[in-house]
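Residue numbers (this note's numbering), protein chains in the order written: chain A, 11 to 476; chain B, 20 to 317. Glycine included, each C-beta is placed from N, C-alpha and C at the ideal position.
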Amino acid sequence: MSKKIYLSATLAALLSLPLYASAATDADLQVIREQIQQLRQSYEQRIAQLEQRLQQAESTGKRAEAVAEQAQTTVQQTVATPTAASSSNGGEGTFNPALSLILSGTYGSLQQDPTVPATGFAMSPNMGHEQGFNLGESELGIAANIDANYRGVATLALDPAGGISVENAYVQTSALGNGINLKFGRYFSGLGYLNEQHAHAWDFVDQPLVYAALWGNQLGEDGLQAKWLAPTDMFIELGAELGRGRGFPGSDRVKNGAGSGVLFAHIADDIGIEHSWRAGVSLHQTRADNRISDGVPDLPGTAGGVSNSFSGDSQTAGLDFVWKYSPNGNMRDRYVKVQGEYFRRKENGLLTYDLATANIADSYSVTQSGWYLQSVYQFMPHWRAGLRYDRLDSGIAAIGVLNAGNVIGNYAFNPTRTSLMLDYSPSEFSRLRLQLARDNSRQGLPDTQMFVQYIMSLGAHGAHQY
Amino acid sequence: MKNLLCASLLVLFSNSAHAALNVFACEPEWAALTQTLAGDQVSIYTATGALQDPHRIEARPSLIAKARRANLVVCTGAELEMAWLPVVLRESGNSAIHPGSSGYFEAASAVRMLDIPARLDRADGDIHAQGNPHIQTDARNFLPIADALSQRLIQLDPANTTHYQNKLVAFKQQWRAALKKWEQQAAPLKGTAIVVQHKGFPYLSNWLGLQEITALEPKPGMEPSAAHLGQVLNELKQHPAKMVLRAAYQDVRPSQWIAQRAHIAAVELPYTVGGNAAASDLFSLFDDTIARLLAGAK
Numbered sequence: 011m012s013k014k015i016y017l018s019a020t021l022a023a024l025l026s027l028p029l030y031a032s033a034a035t036d037a038d039l040q041v042i043r044e045q046i047q048q049l050r051q052s053y054e055q056r057i058a059q060l061e062q063r064l065q066q067a068e069s070t071g072k073r074a075e076a077v078a079e080q081a082q083t084t085v086q087q088t089v090a091t092p093t094a095a096s097s098s099n100g101g102e103g104t105f106n107p108a109l110s111l112i113l114s115g116t117y118g119s120l121q122q123d124p125t126v127p128a129t130g131f132a133m134s135p136n137m138g139h140e141q142g143f144n145l146g147e148s149e150l151g152i153a154a155n156i157d158a159n160y161r162g163v164a165t166l167a168l169d170p171a172g173g174i175s176v177e178n179a180y181v182q183t184s185a186l187g188n189g190i191n192l193k194f195g196r197y198f199s200g201l202g203y204l205n206e207q208h209a210h211a212w213d214f215v216d217q218p219l220v221y222a223a224l225w226g227n228q229l230g231e232d233g234l235q236a237k238w239l240a241p242t243d244m245f246i247e248l249g250a251e252l253g254r255g256r257g258f259p260g261s262d263r264v265k266n267g268a269g270s271g272v273l274f275a276h277i278a279d280d281i282g283i284e285h286s287w288r289a290g291v292s293l294h295q296t297r298a299d300n301r302i303s304d305g306v307p308d309l310p311g312t313a314g315g316v317s318n319s320f321s322g323d324s325q326t327a328g329l330d331f332v333w334k335y336s337p338n339g340n341m342r343d344r345y346v347k348v349q350g351e352y353f354r355r356k357e358n359g360l361l362t363y364d365l366a367t368a369n370i371a372d373s374y375s376v377t378q379s380g381w382y383l384q385s386v387y388q389f390m391p392h393w394r395a396g397l398r399y400d401r402l403d404s405g406i407a408a409i410g411v412l413n414a415g416n417v418i419g420n421y422a423f424n425p426t427r428t429s430l431m432l433d434y435s436p437s438e439f440s441r442l443r444l445q446l447a448r449d450n451s452r453q454g455l456p457d458t459q460m461f462v463q464y465i466m467s468l469g470a471h472g473a474h475q476y
Numbered sequence: 020m021k022n023l024l025c026a027s028l029l030v031l032f033s034n035s036a037h038a039a040l041n042v043f044a045c046e047p048e049w050a051a052l053t054q055t056l057a058g059d060q061v062s063i064y065t066a067t068g069a070l071q072d073p074h075r076i077e078a079r080p081s082l083i084a085k086a087r088r089a090n091l092v093v094c095t096g097a098e099l100e101m102a103w104l105p106v107v108l109r110e111s112g113n114s115a116i117h118p119g120s121s122g123y124f125e126a127a128s129a130v131r132m133l134d135i136p137a138r139l140d141r142a143d144g145d146i147h148a149q150g151n152p153h154i155q156t157d158a159r160n161f162l163p164i165a166d167a168l169s170q171r172l173i174q175l176d177p178a179n180t181t182h183y184q185n186k187l188v189a190f191k192q193q194w195r196a197a198l199k200k201w202e203q204q205a206a207p208l209k210g211t212a213i214v215v216q217h218k219g220f221p222y223l224s225n226w227l228g229l230q231e232i233t234a235l236e237p238k239p240g241m242e243p244s245a246a247h248l249g250q251v252l253n254e255l256k257q258h259p260a261k262m263v264l265r266a267a268y269q270d271v272r273p274s275q276w277i278a279q280r281a282h283i284a285a286v287e288l289p290y291t292v293g294g295n296a297a298a299s300d301l302f303s304l305f306d307d308t309i310a311r312l313l314a315g316a317k
């Protein structure tokens, strides 16, 4: 082992020694070696120092650049956006949460008693009209992003007689992406075209007859809505809802599971810059449980009608379309809007006739339908005129033998109504409206109706849907 | 076989590396600027036309469908689009373009705002808390906006950083030269008294030194009434103006009414790219604007 080390050391020494140095003495060699070593060390140190300094200079330079850039941008920012702190997503964020209040009221002049329901639809809620001066529902709206994932919306209806009802109170997802939007809580169902619109956005004082008779003006649900928007150039939206089924035609009940289901699909597009349209299909299904209706006329002709109760399935299908035209696509100046909807409902179940006295239950099945067609024309900025035609078909009911002599199966009358509207909106936030209607919805009781309405909005005014 | 696979994989990857950004531009001027700064790396949808009042657009389903697939939304901001954009963004179900995320760009955040209201009261008309949103009428504003927009494009598509940087440098060079030319051409306009139909020109006036006497709209966003036009006419007798300005999308009648009675020129400005046949891009937009102003001032 030691032999090996010695050998390699000698070899190393031989190799490291320059040839000419062999003449010099060992001591001299040692001195020279040390000097070289020192020289090398000092050079290496200096080079290292230089390198270090260079690196430092470089990095400080970079830092200086970065600082300068930052300073520049902050200067730009401070100059540019003095209100940046209060700004955000356009309007709604100015207040957090966004608060809005809708004030509305009508004056109604009717020739007939508004408590008489449309002929053939006594088993639907009667939405009627108010006479004289009356305060409409004031609507208090609160909306804001809850966090990065959710947005909350609440609309409280302040009843003129006192009391508050929750019209909408829902949470919407905002971060799911992929065209998916979920909504849960209390909301207006996405079926049809008009159903989601709040009263202050209606083009007429009242809802079309078909909405009044088949949906109690508007179908509100407590439940869950899922919508998916296809990643296509054309607007294609599919939606589904599961709800409690608390509103007409369902009836509130205590049970697990869903009380109603809705499916809807919308397609829409533009034709050039001047035309746009949307078309939709909806399906609704629910079950009524002891849905009681009062004052229903019967075959024996009971004065004031009788109280009936219906339990059974209710299925509704609907079609809707809207088309809008505006010269140069400038909605501010002039536009025309044409819209129409058709709903057809089949109810099948058990009808209990005259709860108070006879109390006879037997099968009952009927298909009712209705449609409206309306057009609104803004003929100059701030001024609009509208025309609407409504029609209902109460259908011919199949009635079980036990009730064949009691329940009216065929009214042989189609309720219709024609309404004319003129409104003036001095600004986006105020609207005054005059409406005249020839109401033939009650057989033998034609009515000429006149309404004057105001709709004013205070506070944050969110964007309207199409 | 292996080579073929490698080759096809390469093609796939190179394709994804060159995939265009889908841009949803609220107004034509931002569509034009994005096109200039990104070239063939983007495919752009312009939500509004030059003849539409950008305040009053409907949240049409077609806009929602386009926003659904957008990687970047480029808008003016400052509440100009508040009547429709929030619904479009919300209904799109596209979380990448929500306000505050990198896919949402507001041009107004890059420039100094004018006409910031001291008080917020709807009785004052259609006013915007963050200042007048019509920032595109001052050509100088396009430089800081281009910087910010280019940065955003790089952030969203870092693979093409050099492409965007080169485009930005080229644009700024051309724009600076054009600015010099426009400012020289517009020098005689300095101090010219004008009347505006809508308060939509503070940035233009600030840039070219025009003097705004009054507006035909009694309150921003309100239609000029006969009574108010009479007042304006009286005011013009005391403080005469050279011309009355309006944007291409505005009703021609109030301007004409005043122009005939006060014997001044009624000047329709393109206002944005596509506002008239001559204003076909950002450069010709300002060429035409200044030419029309000079013609009106004669």
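Problem - Collapsed DSSP secondary structure at Ala115 of chain B in the structure displayed - result: Of the three classes helix, strand and coil, the one that applies to Ala115 of chain B here is helix, per DSSP.
Handout entry: Backbone CA spacing between Glu75 of chain A and His392 of chain A [nearest angstrom]
Key = Unreliable placement is indicated for Glu75 of chain A, whose pLDDT of 49 sits below 50; no coordinate value is reported for it.
Problem - DSSP bridge partner residues for Asn358 of chain A (one or two, in chain order) - result: According to DSSP, which records beta bridges pairwise, Asn358 of chain A is partnered with A:Asp323 and A:Ser375.
Handout entry: Collapsed DSSP secondary structure at Trp287 of chain A in the structure displayed
Key = Secondary structure at Trp287 of chain A: strand, using DSSP grouped into helix, strand and coil.
Practice task
With 8 angstroms as the threshold, decide whether the Cβ of Asn185 of chain B is near any Cβ in chain A.
Solution key: For Asn185 of chain B, the closest Cβ of chain A is not nearer than 8 angstroms.
Practice task
Give me the Cα-Cα distance between His471 of chain A and Met101 of chain B, rounded to the nearest whole angstrom.
Solution key: Distance between the alpha carbons of His471 of chain A and Met101 of chain B: 9 angstroms.
Exercise for the section: For the alpha helix (DSSP H) holding Gln55 of chain B, just list the boundary residues, first then last. Expected result: The sequence given here places Thr at residue 55 of chain B; Gln does not occur at that position. Per DSSP, Thr55 of chain B belongs to the alpha helix (DSSP H) from Pro47 to Ala57.
Practice task
Return yes when the Cβ of Asn369 of chain A is within less than 8 angstroms of the Cβ of Gly322 of chain A, no when it is not.
Solution key: The answer is no: Cβ separation not under 8 angstroms.
Problem - Neighbour flag for Gln54 of chain B against chain A, beta carbons, 8 angstroms - result: When Cβ-Cβ separations below 8 angstroms define contact, Gln54 of chain B makes no contact with chain A.
Handout entry: Inter-residue Cα distance where the pair is Val92 of chain B and Ile283 of chain B
Key = Going by the C-alpha atoms only, they are around 41 angstroms apart.
Handout entry: Supposed contact pair Arg452 of chain A and Val126 of chain A - C-beta distance, whole angstroms, cut 8 angstroms
Key = With 8 angstroms as the limit, Val126 of chain A and Arg452 of chain A qualify as a contact, their Cβ atoms being about 5 angstroms apart.
Practice task
Would you list, in chain order, the members of the stretch 96-113 of chain B that have their beta-carbon closer than 9 angstroms to a beta-carbon of chain A?
Solution key: Cβ contacts with chain A come from Gly96, Ala97, Glu98, Leu99, Glu100, Met101, Ala102, Trp103, Leu104, Pro105, Val106, Val107, Leu108, Arg109, Glu110, Ser111, Gly112 and Asn113.
Practice task
For chain A, find out if any of its Cβ atoms is closer than 8 angstroms to the Cβ of Pro8 of chain B; answer yes or no.
Solution key: Because chain B here runs from 20 to 317, residue 8 of chain B falls outside it and cannot be looked at.
Handout entry: Ala281 of chain B beta carbon less than 8 angstroms from that of Leu255 of chain B
Key = Their beta carbons are under 8 angstroms apart, which means Leu255 of chain B touches Ala281 of chain B by this criterion.
Exercise for the section: Locate the beta strand (DSSP E) running through Glu287 of chain B, then write down its first and last residues. Expected result: From DSSP, the beta strand (DSSP E) with Glu287 of chain B extends over Ala284 to Leu288.
Exercise for the section: Report yes or no: do the stretch 417-437 of chain A and the stretch 397-405 of chain A share at least 3 C-beta pairs separated by less than 8 angstroms? Expected result: In this structure the stretch 417-437 of chain A touches the stretch 397-405 of chain A; the number of beta carbon pairs closer than 8 angstroms is three or more.
Practice task
Tell whether a beta-carbon distance below 8 angstroms holds between Glu251 of chain A and Gln235 of chain A.
Solution key: Yes. Within cutoff.
Handout entry: Distance CB(Gln463 of chain A)-CB(Arg443 of chain A) smaller than 8 angstroms
Key = Remark: C-beta atoms of Gln463 of chain A and Arg443 of chain A approach each other more closely than 8 angstroms.
Practice task
Please list the residues of the stretch 235-247 of chain A that have a C-beta atom closer than 7 angstroms to any C-beta atom in chain E, keeping them in chain order.
Solution key: The structure shown contains no chain E; its protein chains are A and B.
Exercise for the section: Go ahead and pull the three-state DSSP assignment for Ile458 of chain A. Expected result: The sequence given here places Thr at residue 458 of chain A; Ile does not occur at that position. In the structure shown, Thr458 of chain A sits in a strand (DSSP, three-state: E or B).
Practice task
Measure the CB-CB distance between Gln250 of chain B and Gln216 of chain B and report whether it falls below 8 angstroms.
Solution key: At least 8 angstroms separates the beta-carbon of Gln250 of chain B from that of Gln216 of chain B.
Problem - Pro273 of chain B burial status per 10 Å Cβ neighbour count (16 or more: buried) - result: Classification of Pro273 of chain B: buried, given that the 10 Å Cβ count is 16 or more.
Problem - Under the three-state DSSP convention, the category Gln216 of chain B falls into - result: It is coil, neither helix nor strand.
Exercise for the section: Can you grab the Cα-Cα spacing for the pair Asp279 of chain A / Met244 of chain A, in whole Å? Expected result: Roughly 6 angstroms separates the two Cα atoms.
Exercise for the section: Examine chain B for any beta-carbon lying closer than 8 angstroms to the beta-carbon of His208 of chain A, and answer yes or no. Expected result: Interface with chain B (8 angstroms Cβ-Cβ cutoff): His208 of chain A is excluded.
Practice task
Taking C-beta pairs closer than 7 angstroms, name the residues in chain B that Gln475 of chain A reaches, listed in chain order.
Solution key: Here the neighbours are Ala78 and Val106.
Problem - Leu168 of chain A and Glu147 of chain A closer than 8 angstroms at C-beta - result: Less than 8 angstroms divides the Cβ of Leu168 of chain A from the Cβ of Glu147 of chain A.
Problem - Met241 of chain B at chain A interface by Cβ criterion, 8 angstroms - result: Yes, Met241 of chain B counts as interfacial toward chain A.
Handout entry: Segment contact flag, the stretch 190-199 of chain A with the stretch 149-158 of chain A, C-beta cutoff 8 angstroms, min 3 pairs
Key = With a cut-off of 8 angstroms on Cβ pairs, the stretch 190-199 of chain A is not in contact with the stretch 149-158 of chain A, counting fewer than three such pairs.
Problem - Proximal residues to Asn318 of chain A (C-beta, below 8 angstroms), its chain only, five neighbours per side dropped - result: Contacts found: Met133, Ile302, Ser303, Val306, Leu361, Thr362, Tyr363, Asp364, Leu365 and Val417.
Practice task
Look at the Cβ atom of Thr55 of chain B, then the Cβ atom of Phe190 of chain B, and state whether they are nearer than 8 angstroms.
Solution key: Yes; because the gap between Cβ atoms is below 8 angstroms, this pair is in contact.
Practice task
Using only alpha-carbon positions, find the residue among B:Ile116, B:Ile63, B:Arg109 and B:Gln193 that is nearest to Arg161 of chain A.
Solution key: Cα-wise, what sits closest to Arg161 of chain A is B:Arg109.
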